[in-house]
Amino acid sequence: MGNPIVLCHGWPEHAFSWRYQVPVLAAAGYHVIVPNQRGYGNSSRPAEVTDYDIEHLTGDLVALLDHYGYEKATFVGHDWGANVVWGLTLLHPTRVDKVINLSLPYPERGETPWIEFMEQVLGGDFYFVHFNRQPGVADAVFDQNTSRFLRNLYRKNEPARAPQPGMALIDLARAEAPLGEPLMSDGELAVFVSAFESTGFTGSVNWYRNLDRNWHLLADADPIIHQPVLMIYGDRDMVAKSANLAEFVPGVEVVSLDSGHWIQQEKPEETNQAILKWLEQQAVTSRLVQRP
49 MGNPIVLCHG WPEHAFSWRY QVPVLAAAGY HVIVPNQRGY GNSSRPAEVT
99 DYDIEHLTGD LVALLDHYGY EKATFVGHDW GANVVWGLTL LHPTRVDKVI
149 NLSLPYPERG ETPWIEFMEQ VLGGDFYFVH FNRQPGVADA VFDQNTSRFL
199 RNLYRKNEPA RAPQPGMALI DLARAEAPLG EPLMSDGELA VFVSAFESTG
249 FTGSVNWYRN LDRNWHLLAD ADPIIHQPVL MIYGDRDMVA KSANLAEFVP
299 GVEVVSLDSG HWIQQEKPEE TNQAILKWLE QQAVTSRLVQ RP
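Numbering follows my numbering, with no gaps: position 92 of the sequence shown is 140.
The following block contains the structure:
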C-alpha cells in the first residue's frame, strides 16, 4: 500500500476518537494508520515518567513508519496528538510529508520552560501545573471516577461559566451533573471508559509531566515548520488560537469550525471535508510542481 496518513489522538482519548475519519480517508485511497499511543489502550505503559517525553513519543511514530516501510507520511494530530506531531516535525522533519493539526496550534518555545511559565501566569491549580507539582493526585481521582470523569468531559454545547477556584479537572471528575450535551452515544463512551478502566490514567498524564523536559529536548531544533500545514480550530474550543502561527508555520492554511474542543468527533463531516479538500489541493499542487 501507499499514501500513508497517521492519525494521532489526544488526551484522554483513544484511536477510537478517529472513527469518523478512518473510513472516509481509506475510501479516498489512503493507508490509514491509527495507533493507540504510548500509555493508552493496549499499547505499552512503561513505569518511568521520562519514557513519555517527546523523543519517545515521536520515536514511536517513526518506528511505525519503519514497520510499514514508509519514508514519510502525512500526520494528523488532535490536542496532545497535535503537540506530538509538531514535535515530530521538528525532531524528524524528513519523515513528515504534510501536517494536519486540530485544536492545538504550534507551541512556541519561549525563554521559560512551559510548566514554569504556566505556573507563573495561571497558578498552581491549572491542570498542567498540578499534574507536575502534585504527581499522582489527579490520576488517582480520575481512576476512582473513570466513567463519571469521561462522561462529564466529553460534552458539547457547554454553557459559558466563570472560572472556579480549585483544580478544574478534579472537580469535573467528581461532579454529579455534567454541563452541555453528550458528545457521543453511551456505546461509544463505553469504549473510552473500558480502555481507561483497564489502563488507568497515569501513563497518559505522564505526557504532561514531560513538558519542561521537552522544552529542553527541543532547544537545538529548527523552530520553523517547513512542511505544508492545515490547522483546524474549533471556534468554541477552550484552547486559544495562535496570534502568530504563520511566523513559525509559514506554509499554514487555517480552517475554523463551529465546534468545541472535540472537533473531529463533534463535527465529523465538516472535519472530513476540510481534510479531504486540503489534501486534494496539496496533491494538485504537487502534480503541477512535478510536471516537466
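Every residue gets a Cβ at the ideal spot worked out from N, C-alpha and C, and that includes glycine.
Cβ neighbour criterion (16 or more within 10 Å) applied to residue i
{"i": "THR106", "result": "buried"}
{"i": "ALA130", "result": "buried"}
{"i": "ASP101", "result": "buried"}
{"i": "HIS264", "result": "exposed"}
{"i": "GLN8", "result": "This structure cannot speak to residue 8, because the chain is shown only from 49 to 340."}
{"i": "HIS115", "result": "exposed"}
{"i": "GLN312", "result": "buried"}
{"i": "ALA221", "result": "buried"}
{"i": "GLU61", "result": "buried"}
{"i": "LEU109", "result": "buried"}
{"i": "LEU139", "result": "buried"}
{"i": "ALA74", "result": "exposed"}
{"i": "ALA186", "result": "buried"}
Residues of its chain near residue i, where Cβ-Cβ distance is below 7 angstroms and the 5 sequence neighbours each way are ignored
{"i": "LYS289", "result": "PRO153 and TYR281"}
{"i": "VAL144", "result": "LYS120, PHE123, LEU136, THR137 and GLN275"}
{"i": "LEU342", "result": "The shown model of the chain, from 49 to 340, leaves out residue 342, and the question about it has no answer."}
{"i": "ASN254", "result": "GLY87, VAL97 and TYR100"}
{"i": "VAL297", "result": "TYR154, ILE273 and VAL277"}
{"i": "ARG93", "result": "GLY87, THR247 and GLY251"}
{"i": "THR194", "result": "VAL241, PHE244 and GLU245"}
Backbone CA spacing between residue i and residue j [nearest angstrom]
{"i": "PHE165", "j": "GLU301", "result": "28 angstroms"}
{"i": "GLU295", "j": "PHE123", "result": "21 angstroms"}
{"i": "PHE249", "j": "LEU227", "result": "23 angstroms"}
{"i": "LEU345", "j": "VAL277", "result": "The question about residue 345 has no answer here: the residues shown for the chain are numbered 49 through 340."}
{"i": "GLN329", "j": "GLN85", "result": "29 angstroms"}
{"i": "GLU314", "j": "LEU305", "result": "10 angstroms"}
{"i": "LEU150", "j": "ARG199", "result": "22 angstroms"}
{"i": "PHE244", "j": "MET215", "result": "21 angstroms"}
{"i": "ALA225", "j": "PHE197", "result": "11 angstroms"}
{"i": "GLY299", "j": "TRP66", "result": "25 angstroms"}
{"i": "LEU324", "j": "GLY50", "result": "17 angstroms"}
{"i": "GLN182", "j": "MET286", "result": "23 angstroms"}
{"i": "TYR202", "j": "THR160", "result": "32 angstroms"}
{"i": "LEU293", "j": "PRO52", "result": "26 angstroms"}
{"i": "LEU170", "j": "PHE64", "result": "32 angstroms"}
{"i": "ASP219", "j": "VAL332", "result": "49 angstroms"}
Residues near residue i by beta carbon distance below 6 angstroms, same chain, minus five either side
{"i": "ARG284", "result": "GLY308"}
{"i": "TRP326", "result": "LEU278"}
{"i": "GLY58", "result": "HIS126, ASP127, TRP128 and GLY129"}
{"i": "TRP310", "result": "LEU231"}
{"i": "TYR68", "result": "PRO316"}
{"i": "VAL303", "result": "ILE280 and ALA322"}
Cβ shell of residue i (< 8 angstroms), same chain only, five flanking positions each side left out
{"i": "PRO155", "result": "ASN131, TRP134 and TRP162"}
{"i": "GLY184", "result": "THR250"}
{"i": "PRO213", "result": "ASP173"}
{"i": "ARG257", "result": "VAL97, TYR100, PHE179, ASN180 and PRO183"}
{"i": "PRO141", "result": "ASP270, HIS274 and GLN275"}
Residues that DSSP places opposite residue i in a beta bridge
{"i": "THR122", "result": "ILE53 and LYS146"}
{"i": "SER304", "result": "TYR281"}
{"i": "LYS315", "result": "According to DSSP, LYS315 bridges with nothing at all."}
{"i": "PRO230", "result": "ARG203"}
{"i": "ILE218", "result": "In DSSP, ILE218 forms no bridge with anything."}
{"i": "HIS79", "result": "PRO52"}
C-beta neighbour in chain C for residue i, strict 7 angstroms
{"i": "VAL239", "result": "Protein chain content of the structure displayed is limited to a single chain, and chain C is not contained in it."}
beta-carbon residue i near the ligand GTP non-hydrogen atom, thresh 6 angstroms
{"i": "VAL80", "result": "This structure simply doesn't include the ligand GTP, nor any ligand for that matter."}
Which parts of the region 239-285 are runs of the beta strand (DSSP E), unbroken and 3 residues or longer, counting only runs that do not cross its ends? 277-282
Entirely enclosed beta strand (DSSP E) segments - the region 150-178, minimum 3 residues: Within the region 150-178, no complete beta strand (DSSP E) run reaches 3 residues.
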